[in-house]
Amino acid sequence: MEIHPSLSSTPLSTISLPVFPLFSVSTISFFHPRKLRSLSVCSCSSGGQSLIRKPQLNSRTITTPVPDLGDEDESEEQQEVDDDDEQESAKKPAAFHGICAQIEKLVFFKRYDEALELFEVLQLRGGYGSVRASTYDSLVTACIGLRSVHGVKSVVRHMIDAGFTFDLYMRNRLLLMYVKCGMMVDARRVFDEMPERNVVSWNTMICGLVELGSYDEALELFLVMWEEMPEAAPRMFATVIRASAGLGEVFVGSQLHACVAKLGLCEQIYVSCALIDMYSKCGSIREAQWVFDEMPDKTVVGWNTIIAGYALHGYSEKALELYYEMRNSRVSMDQFTYSIVVRICARLGSLEHAKQAHAGLIRNGFGLDVVASTALVDFYCKWGRMDDARHVFDMMSRKNVISWNALIGGYANNGMGKEAIKMFERMIKEGMVPNHVTFLAVLTACSYSGFLDKGIEVFESMSRDPKMKPRAMHYACMIELLGRKGLLDEALSLIKDAPFSPTTNMWAALLTACRFHKNLELGKFAAEKLFGMEPEKLSNYIVLLNIYNSCSRAADAAKVLEGLKKKGLRLLPACTWIELKKQPHRFTFGDKTHPESTKIYERLDVLMNEIVEQGYVPEGKPLLPDVGQHEQRMLNSHSEKLAIAYGLISTPDSTPLQLVQGHRICGDCHRAIKLITVITKREIAVRDASRFHHFKQGRCSCGDYW
């Protein structure tokens, strides 16, 4: 840490207002004119001129006609005026020093707004040359704390006008202020014009570039630094390793790894965690595990990083296994640990593991943490437990926009459109500014609940806001909403009128609408667009195949299958998972490998007979999104039905069931599960390749549109 040199202020009499080369006039802003409470202070300003301090005149020094009282009386009166002027001049520096001391005290107690307001008062009263270096240092802290660009420009302007002499410490502080306030152009200008730099200077600039996402520039600057002073600190290496991770360049990251190994810095916790994160994000999970295994002291940050790395690449089971290893190693977990685990549980559909993480969160005093609580809201929403999600949300003492988005999106995905819109309106009333994700959740709510007019209103309100123009994801949502209502021509027009090239999601939404409404020609047109954009994506061919099947176009369907064979694409066996007592159970079509297969099929036969009495009729046409024709012949053997049957015989009555499957649920299973919830009085949540389906009392949250 850099030690602050002795601080001293510049005497008022020596001010010459020099222009420093490291500043540009374009970086300076001026205070807006304010009403002055004192008639003794006068100033003026304009948009194109800087504020110029006007000389303050004492009323007794103004020359006016006076009677001739004689030389002696005149000299005595002049002596009295001079004495008064000296006393007044002596009082001003003392007053300015008092204001400076008050500013420093306010900053010490983190009352940054008040400190900057008091600084404005100091400016209006003059105060040039009376501001100490320690006061400027405090003002820099206030600007950083508030991220106030206006405050930055005002402080810098005052320093220049006061003729402040910048040493290396204050230049570094100035650089940090620019970086933290996002003024990277000014920061780079200050950095380039510094007469001398130390490690703090380099570290501040490179960290700022990494935070901004300018990874290439950060690495280039690091190489320049390395040539000038090859003595980088461990934190500097951790920063540039983050830059290589941001670029996804494992080659650059491995070179940095070799460098820190030669310097003996691999045991530094910051470096090790940065290496684990870099290898994970670059897809080299084995190297990440090796770095983690070599850590002499596995801290909570190291554990969090490797667990997040496995979760990032879909190794959810391994990530959960590492979580329990971490718990057994007696390492104190933090809120980030629990938030990562909850997200893993959301992916696996593991309610029991999530409940344990929730309990640990509360037990360790993180129950009110925003990040972890938001992860819990998201988990409960995804698995249809909206009462639990709302309870966690209401218990949060502080909420951010992500928290609101999680709950609104949860209501939307569970078909509770009215509740989603109510929460959106409440969010606006409480002063929270929505973002693009918020509007996507609201549009999704309108789509799932069929609120066409409300959806159009929200979409048009975004179009009128220059800062919130609809993106491709919002267009895709509107296309789905129009498609649900059968307005296919309007949906196609929306695609053509979009201010950007249509994305795959937009064409996929139109293709799904064509499948639902059996519009062969438009569906074929949308499918051809998708084939050109994603020639290797299997689901696009499957949807077109379903359209042909639904329209009895067997010959065209056969051509699609032939095309899949030529491309080397094949239909994978449908697979469904259900977790019971913390153990995942996997089922495929016609699966008889489970130890309790006999009981499963017996329960399934009874179940199918019961839903037939409720009006269930098996599909007459093969409308399965992601499964082959051979599976269509045995509808009762679909993997999701087997998983549900096993869940029914293995859990107490009224226990909700959570299923995860790698394919889109077929129409036959969708109708069957709705009737199963009526007979068994159970809630069943299914996360398929398309979306979450929350089945309850004979209804599905998707509104039978997926």
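Every letter in the sequence shown is one number past the one before it in this note's numbering, and letter 649, counting from 1, is 649. All C-beta atoms, glycine included, are put in the ideal place defined by N, C-alpha and C. Fair warning: this is a prediction, and the values are worked out from it, not measured in the lab.
For residue i and residue j, I'd like the C-alpha separation in whole angstroms.
| i | j | result |
| --- | --- | --- |
| Gln-301 | Cys-207 | As written in the sequence, residue 301 is Val, which differs from the Gln given in the question. So the two alpha carbons sit approximately 19 Å from each other. |
| Phe-500 | Met-194 | 44 Å |
| Leu-51 | His-158 | Here the model assigns Leu-51 a pLDDT of 37, short of 50, so the residue's position is not dependable, and the following value carries that caveat. Between Leu-51 and His-158, the C-alpha separation is close to 11 Å. |
| Ala-441 | Ile-421 | 9 Å |
| Val-458 | Leu-481 | 12 Å |
| Phe-20 | Val-185 | With a pLDDT of only 33 at Phe-20, under 50, the local geometry of the prediction cannot be trusted, and the value read off the model is given with reservation. So the two alpha carbons sit approximately 17 Å from each other. |
| Leu-106 | Asn-405 | 36 Å |
| Glu-579 | Ile-340 | 19 Å |
| Gly-563 | Glu-640 | 28 Å |
| Gly-309 | Leu-494 | 39 Å |
| Ser-449 | Gly-703 | 7 Å |
| Arg-173 | Gly-360 | 41 Å |
| Ser-244 | Leu-212 | 14 Å |
| Gln-697 | Asn-636 | 21 Å |
| Ile-679 | Tyr-616 | 12 Å |
| Ile-144 | Leu-452 | 46 Å |
| Thr-504 | Ala-526 | 10 Å |
| Arg-330 | Leu-219 | 38 Å |
| Met-183 | Ala-574 | 53 Å |
| Ile-160 | Asn-198 | 23 Å |
| Ile-547 | Leu-376 | 39 Å |
| Asp-465 | Val-433 | 13 Å |
| Leu-312 | Thr-337 | 14 Å |
| Glu-613 | Ser-654 | 21 Å |
| Leu-530 | Lys-496 | 15 Å |
| Gly-515 | Pro-535 | A small fix is needed here, since residue 515 is Arg in this sequence, not Gly. Approximately 19 Å, taken between the alpha carbons. |
| Val-156 | Tyr-136 | 9 Å |
| Leu-36 | Gly-98 | Bear in mind that a pLDDT of 31 at Leu-36, under 50, signals an unreliable position, so the model cannot answer this. |
Restricting to Cα atoms, I'd like to know which of the options is closest to residue i.
| i | options | result |
| --- | --- | --- |
| Glu-294 | Leu-320, Glu-425, Val-331 and Ala-261 | Ala-261 |
| Pro-714 | Ala-672, Lys-565, Glu-683 and Val-660 | Residue 714 lies beyond the stretch modelled for the chain, which goes from 1 to 706, so this question has no answer here. |
| Phe-237 | Val-271, Leu-361 and Asp-453 | Val-271 |
| Gly-264 | Ala-232, Glu-249, Leu-124 and Val-224 | Ala-232 |
| Gly-248 | Gly-163, Arg-347, Leu-275 and Leu-522 | Leu-275 |
| Arg-189 | Arg-171, Val-200 and Val-199 | Arg-171 |
| Val-660 | Leu-642, Asn-519 and Gln-335 | Leu-642 |
| Gly-647 | Tyr-380, Ile-600 and Leu-675 | Ile-600 |
| Ser-463 | Phe-439, Cys-446 and Lys-281 | Phe-439 |
| Ser-201 | Phe-108, Asp-167, Ala-101 and Cys-381 | Asp-167 |
| Met-506 | Arg-515, Lys-110 and Ala-491 | Ala-491 |
| Asn-413 | Asp-378, Asn-435 and Phe-393 | Asp-378 |
| Asp-297 | Ile-479, Ile-99, Gln-268 and Ile-428 | Gln-268 |
| Val-131 | Ala-142, Phe-109 and Phe-96 | Phe-96 |
Looking at residue j and residue i, is the spacing between their C-beta atoms short of 8 Å?
| i | j | result |
| --- | --- | --- |
| Gly-486 | His-694 | no |
| Leu-176 | Thr-204 | yes |
| Gln-583 | Leu-351 | no |
| Val-342 | Ala-354 | yes |
| Ala-115 | Leu-139 | yes |
| Cys-477 | Thr-512 | no |
| Tyr-411 | Met-395 | no |
| Leu-522 | Leu-488 | yes |
| Ala-346 | Lys-382 | yes |
| Cys-273 | Thr-239 | no |
| Cys-181 | Val-152 | yes |
Could you check if residue i is buried or exposed, using at least 16 other CB atoms within 10 Å of its CB as the buried criterion?
| i | result |
| --- | --- |
| Cys-700 | buried |
| Tyr-324 | exposed |
| Trp-706 | buried |
| Arg-426 | exposed |
| Pro-470 | buried |
| Trp-303 | buried |
| Gln-123 | buried |
| Trp-290 | exposed |
| Ala-162 | buried |
| Met-326 | buried |
| Leu-223 | exposed |
| Asp-192 | exposed |
| Ser-461 | exposed |
Just checking: is the beta-carbon of residue i within a distance shorter than 8 Å of some beta-carbon in chain D?
| i | result |
| --- | --- |
| Thr-503 | Of the chains in the structure shown, none is chain D; there is only one protein chain. |
What I want to know is whether the C-beta of residue i ends up closer than 7 Å to one or more non-hydrogen atoms of the ligand SAM.
| i | result |
| --- | --- |
| His-474 | The ligand SAM is absent from the structure shown, which contains no ligands of any kind. |
| query | For the 8 Å Cβ check, are there 3 or more pairs between the stretch 597-606 and the stretch 654-672? | reply | The stretch 597-606, when compared against the stretch 654-672, does not touch it at the 8 Å Cβ threshold.
For this session: Mind the definition here: the stretch 677-696 touches the stretch 390-405 only if three or more C-beta pairs lie below 8 Å; say whether that holds.
Result: With the cut-off at 8 Å, the stretch 677-696 and the stretch 390-405 do not touch.
- Query: Are there three or more Cβ pairs, one per stretch, closer than 8 Å when the stretch 586-593 is compared with the stretch 538-556?
  - Reply: The stretch 586-593 makes no contact with the stretch 538-556: fewer than 3 CB pairs, one atom from each, lie closer than 8 Å.
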